[in-house]
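A.B. asks:
Residue numbers (UniProt numbering): 1 to 290.
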């Protein structure tokens, strides 16, 4: 029998705030109600911004809130080979390609080659990557890579869509931005040719998260609604790599007084600051509605 397995997966690039507290507490509550486990994952693939000091702060905050997780903790920085292996499978299947344009070069290409119509944008509002590099010949790609040009590996969305037969869905027990729940059809094409790895980062969030969830045996992904649309890309990657599919639950975000999503740069909502000011764990639960 499969044990329900949840995870809380912060990045140690800043202090936890009330939004993180809500997600961690909700994961712990749902894991307890399901008679399952809660795992802690440290998403420190960005080794320049993530620090051991912030990780220690995360552990202190979770202990203060009374949240216990199973050991061992999985740190992404210790598992680059796992992500590299998944990427190599996609390279071997010719489902990714080297993309040489920087963000600035991509903007220039779009400006010079646009048709006058608005350039398509992804659900986060960023312009889709232009088709130029996808259309390069194999010989030109190899020559530019051999010459040491900087590049990223991008998913060939059209090739990937052709590789997967039929409709891709996920089961949503929370709700999307427009109240979507139940069986949700994935629409990864809305993201265009997403980055899966950069020269300075061996794998992107999108690739790491599906590999980590599979290796850790995650059955239930409980996370903020801001990642609802990204689930379409995650579902596609799971299909391409033959990985199991968790149940997803996207929850409300804790917003600041200005109506915006909380940021790690806001000291007034950092758990350490609130604790130093005399707040108790019960105060935090009340503040986030739990």
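No residue lacks a Cβ here, since even glycine has one placed at the ideal position from N, Cα and C.
Am I right that residue 123 and residue 214 are in contact with their C-beta atoms under 8 Å? What's the rounded C-beta distance?
C.D. replies: Counting from 1 along the chain shown, the entry for residue 123 is found at position 123. Counting from 1 along the chain shown, the entry for residue 214 is found at position 214. 24 Å between Cβ atoms; not a contact.
A.B. asks: Anyone know if the C-beta pair for residue 93 and residue 164 falls short of 8 Å?
C.D. replies: Residue mapping note: residue 93 aligns to position 93 of the chain shown, counting from 1. Residue mapping note: residue 164 aligns to position 164 of the chain shown, counting from 1. Result no, Cβ atoms of residue 93 and residue 164 do not sit closer than 8 Å.
A.B. asks: As a quick exercise: from 204, 217 and 14, pick the residue whose alpha carbon is nearest that of residue 244.
C.D. replies: The residue given as residue 244 occupies position 244 in the chain shown. Nearest option by C-alpha distance: 217.
A.B. asks: Closest to residue 47 by C-alpha separation, out of 249, 204 and 253, would be which residue?
C.D. replies: For this step, residue 47 is matched to residue 47 along the chain shown. Considering only alpha carbons, the answer is 204.
A.B. asks: On the premise that residue 248 lies in contact with residue 135, defined as a C-beta separation below 8 Å, what is that separation, rounded to the nearest angstrom?
C.D. replies: By 1-based counting over the chain shown, the position of residue 135 is 135. By 1-based counting over the chain shown, the position of residue 248 is 248. The Cβ separation is near 34 Å, so there is no contact.
A.B. asks: Between the region 76 to 90 and the region 135 to 149, are three or more C-beta pairs nearer than 8 Å?
C.D. replies: The region 76 to 90 is not in contact with the region 135 to 149.
A.B. asks: In the structure shown, what three-state DSSP assignment does residue 185 receive?
C.D. replies: Locating residue 185 in the chain shown gives position 185, where the first residue counts as 1. Residue state, collapsed to three classes: strand.
A.B. asks: Report buried or exposed for residue 289, applying the criterion of at least 16 other Cβ atoms within 10 angstroms of its Cβ.
C.D. replies: As a first step, residue 289 must be located in the chain shown, where it is residue number 289. Exposed: under 16 other Cβ atoms inside 10 Å.
A.B. asks: Does the pairing of the region 1 to 20 with the region 34 to 41 give three or more beta-carbon distances under 8 Å?
C.D. replies: Judged by Cβ distances under 8 Å, the region 1 to 20 makes contact with the region 34 to 41, as three or more pairs qualify.
A.B. asks: Would you kindly report the start and end of the unbroken alpha helix (DSSP H) that includes residue 72?
C.D. replies: In the chain shown, counting from the first residue as 1, residue 72 sits at position 72. Premise fails: residue 72 lies in the beta strand (DSSP E), 70 to 75, not in any alpha helix (DSSP H).
A.B. asks: So, are the CB atoms of residue 154 and residue 90 less than 8 Å apart?
C.D. replies: For this step, residue 154 is matched to residue 154 along the chain shown. For this step, residue 90 is matched to residue 90 along the chain shown. Contact: no.
A.B. asks: Is the region 14 to 32 in contact with the region 54 to 69, if contact means three or more CB pairs nearer than 8 Å?
C.D. replies: A contact exists between the region 14 to 32 and the region 54 to 69.
A.B. asks: Is it buried or exposed for residue 192, if we count other Cβ within 10 angstroms and need 16 for buried?
C.D. replies: Stepping through the chain shown from its first residue, residue 192 is reached at position 192. Counting Cβ neighbours within 10 Å, residue 192 comes out buried, since at least 16 surround it.
A.B. asks: State the Cα-Cα distance for the pair residue 274 and residue 158, rounded to the nearest angstrom.
C.D. replies: Stepping through the chain shown from its first residue, residue 274 is reached at position 274. Stepping through the chain shown from its first residue, residue 158 is reached at position 158. If you take the alpha carbons of residue 274 and residue 158, they lie about 48 Å apart.
A.B. asks: Quick one: is residue 72 buried, meaning 16 or more other Cβ sit within 10 Å of its Cβ, or exposed?
C.D. replies: Residue numbering aside, residue 72 sits at position 72 when the chain shown is read from its first letter. By the neighbour-count rule (16 or more Cβ atoms within 10 Å), residue 72 is not buried but exposed.
A.B. asks: Can you tell me whether residue 129 is helix, strand or coil according to DSSP?
C.D. replies: Position 129 of the chain shown holds residue 129. Residue 129: coil per DSSP, three-state reduction.
A.B. asks: Which term fits residue 41, buried or exposed, when burial requires 16 or more other beta carbons within 10 angstroms of its beta carbon?
C.D. replies: Here residue 41 refers to the residue found at position 41 when the chain shown is read from its first residue. When all chains shown are included, residue 41 counts as buried.
A.B. asks: Following a CB-centred definition, is residue 224 positioned closer than 7 Å to any heavy atom of the ligand HEM?
C.D. replies: No copy of the ligand HEM appears in this structure; indeed no ligand is present at all.
A.B. asks: Given that a residue counts as buried once 16 or more other Cβ atoms are within 10 Å of its Cβ, and exposed if not, what is residue 177?
C.D. replies: What you label residue 177 is simply residue 177 of the chain shown in a count that begins at 1. Exposed: under 16 other Cβ atoms inside 10 Å.
A.B. asks: Can you tell me whether DSSP reads residue 191 as helix, strand or coil?
C.D. replies: Mapped onto the chain shown, residue 191 falls at position 191. Helix, per DSSP.
A.B. asks: Just to confirm my understanding: we take residue 287, look at its own chain, exclude 5 residues before and 5 after, and list those with CB closer than 7 Å. What are they?
C.D. replies: Sequence index remark: in the chain shown, residue 287 carries index 287 (1-based). 18, listed in sequence order.
A.B. asks: Based on DSSP bridge pairs, tell me the residues matched to residue 98.
C.D. replies: Locating residue 98 in the chain shown gives position 98, counting from the first residue. Partner(s): 153.
A.B. asks: On a CA-only basis, which of 208, 132, 127 and 271 is nearest residue 100? Give me that one, please.
C.D. replies: Residue numbering aside, residue 100 sits at position 100 when the chain shown is read from its first letter. Out of 208, 132, 127 and 271, 132 has the C-alpha closest to the C-alpha of residue 100.
A.B. asks: So, for residue 119: in the same chain, excluding its five sequence neighbours on each side, which residues have a beta-carbon less than 6 Å away from its beta-carbon?
C.D. replies: As a position in the chain shown, residue 119 is number 119, starting the count at 1. Contacts found: 110 and 127.
A.B. asks: Exposed or buried, what is residue 183 when buried is set at 16 or more other beta-carbons lying within 10 Å of its beta-carbon?
C.D. replies: Here residue 183 is taken as the residue at index 183 of the chain shown, counted from 1. So residue 183 counts as exposed.
A.B. asks: Below 8 Å between beta carbons: does that hold for residue 220 and residue 202?
C.D. replies: Here the question's residue 220 lines up with position 220 in the chain shown. Here the question's residue 202 lines up with position 202 in the chain shown. Cβ distance not < 8 Å, so residue 220 and residue 202 don't count as in contact.
A.B. asks: Along the beta strand (DSSP E) that carries residue 212, what are the first and last residues, could you check?
C.D. replies: Against the chain shown, residue 212 aligns to sequence position 212. From DSSP, residue 212 is part of no beta strand (DSSP E) but of the alpha helix (DSSP H) over 205 to 215.
A.B. asks: Where DSSP assigns a beta bridge to residue 172, which residues make up the other side?
C.D. replies: Locating residue 172 in the chain shown gives position 172, counting from the first residue. The partner list for residue 172 (beta bridge, DSSP) reads 182 and 248.
A.B. asks: Based on the DSSP output, what are the partners of residue 42 in its beta bridges?
C.D. replies: One-based indexing of the chain shown puts residue 42 at position 42. DSSP, once it has assigned bridges, lists 75 as partnering residue 42.
A.B. asks: What are the boundary residues of the beta strand (DSSP E) that residue 7 is part of?
C.D. replies: Along the chain shown, one-based indexing puts residue 7 at 7. It spans 5 to 8 - the beta strand (DSSP E) in which residue 7 sits, taken as one unbroken run.
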